[in-house]
Structures are given as C-alpha cells and as structure tokens.
Amino acid sequence: LEPGARIVESCRIYPTIPVPLYLCLNSLTCPDIVFLLDGSDGTRNGFPAMLDFVERVVKKLNVGENNDRVSVVQYGRDAEVHFYLNTYTTREDIVDSVRGLRHRGGRPLNTGAALQYVRDNVFTNSSGSRRLQGVPQMLILLNGGRSFDNVATPASWRKSQWEGMLCSCWMALMVLEVDSQLCETLSKE
1241 LEPGARIVES CRIYPTIPVP LYLCLNSLTC PDIVFLLDGS DGTRNGFPAM LDFVERVVKK
1301 LNVGENNDRV SVVQYGRDAE VHFYLNTYTT REDIVDSVRG LRHRGGRPLN TGAALQYVRD
1361 NVFTNSSGSR RLQGVPQMLI LLNGGRSFDN VATPASWRKS QWEGMLCSCW MALMVLEVDS
1421 QLCETLSKE
C-alpha cells in the first residue's frame, strides 16, 4: 500500500458477491471481529491507512462484553496478537490501543500461517471468542502483498474446521492491491 491509499470497504459473501462492509456488520448480532493486519515491510507506508480503517470500523460498533468484541493481530513472518477479543470492553479502549499500534515490519509475508494462528489462538474460548454460544465470528484481513507460504490449506478450512466458526463474511479483503492468487483461493473455498 502506498501513502494515501484508499482501503476498499467491502467484503465478499460466499461465494464472491461484494457488499459494503457496513451492511455485513449491521446484519450480524454482536459479532466477534478479528482484524488481521499485514505488518510486513511491504506495508510500512500504508500501515497508517490500515489503522485508520480499523478505527473507523470500531467507532461504528457497539462494543461491550455482551455486544461486539474486537481483536487485532499483526503479522509478517510471524503473527502477534495486539489484543484479544476479551481484552477490552469499551470502544474508547480499543481505539486508544489501535492508535498505539506500531508497524512491526519483517519478511517474508506468511498469510497462511497467520490465518492458522488466528484460528488456533484467537477464535478460542480462552481468548474471548463466543463461537460456542453461537455468536457470529468475523475475520477481516487487510493484506498488501503476495504470501510466501501456502494459503490454500487454511482457506480450505472453510468447509471443515472453520465451518460453524465464521459467518458468511468469512474473509473480507480490504486493500487497494491484494494478491490475486489469494483472492482466487479464498473465494473458491
């Protein structure tokens, strides 16, 4: 992403119908939302636009313990949780934390490993996920480049391990430029 890049606010509802993100969010009842941010070297200049996007979405949510929950994970070579779904219960605390997030940098970009990390470590009961209570789970991926690892395997989890975990807005790709192979793989699954 280049400085001043505009992040597209749309998501893909299975199979590949783009809809405005606000319609997707408004159709869900108190979802658990995880933002997975590309923090690799390739997004250094565009990272502030990602944070601005996250902040604008969070400001539209009804955040609370029994309402919308938010987590932010940054990844490059490895994934790192900035905060979990049960860390903050107010919109203001989330916005303050997002404003304090610094770009990590690093190479290579491992989107497949990051997807697996989120599934195994963030969409869990101990991290605040309410999946077992039937609460919709939403993953928003902001990605700025081609992954160096395999994204096909995590994408295939849609039919098996992800089934019942994530809502119809399983993956929202909101970037100016995104790896077309990644888009194709995710939209097929």
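Note that my numbering gives residue 1242 to position 2 of the sequence shown, counting from 1, and the numbers run on in steps of one. Glycine is no exception: its CB is placed at the ideal position from the N, C-alpha and C atoms. Note that the coordinates shown come from a computational prediction; the quantities given were computed from them, not determined experimentally.
Measuring alpha carbon to alpha carbon, tell me which of the options ends up nearest residue i.
i, options, result
"residue 1349", "1282, 1270 and 1271", "1282"
"residue 1284", "1343, 1376 and 1355", "1343"
"residue 1207", "1314, 1300 and 1278", "No answer is possible for residue 1207: it lies beyond the span of the chain, which begins at 1241 and ends at 1429."
"residue 1313", "1288, 1279 and 1345", "1279"
"residue 1323", "1302, 1362 and 1286", "1362"
"residue 1391", "1366, 1306 and 1352", "1352"
"residue 1295", "1339, 1355 and 1315", "1339"
"residue 1310", "1374, 1387, 1332 and 1388", "1332"
"residue 1345", "1318, 1364, 1328 and 1356", "1318"
"residue 1356", "1298, 1320 and 1376", "1320"
"residue 1270", "1386, 1376 and 1388", "1376"
"residue 1302", "1387, 1374 and 1328", "1328"
For residue i, list the residues DSSP reports as bridge partners.
i, result
"residue 1382", "1277"
"residue 1272", "1309 and 1377"
Answer yes or no: do residue i and residue j have a C-beta to C-beta separation smaller than 7 Å?
i, j, result
"residue 1379", "residue 1274", "yes"
"residue 1272", "residue 1369", "yes"
"residue 1341", "residue 1367", "no"
"residue 1358", "residue 1276", "yes"
"residue 1315", "residue 1354", "yes"
Apply the 10 Å Cβ neighbour rule to residue i and answer buried if 16 or more other Cβ atoms are within range, or exposed otherwise.
i, result
"residue 1347", "exposed"
"residue 1360", "exposed"
"residue 1402", "Only weak support is given to the placement of residue 1402: the predicted model assigns it a pLDDT of 46, under 50, and the value that follows is read from those uncertain coordinates. By the 10 Å Cβ count, residue 1402 comes out buried."
"residue 1372", "exposed"
"residue 1384", "buried"
"residue 1308", "buried"
"residue 1286", "buried"
"residue 1374", "exposed"
**Study point:** Those runs of the alpha helix (DSSP H) which lie wholly inside the stretch 1293-1375 and span at least 4 residues
**Key:** 1331-1339 and 1351-1361
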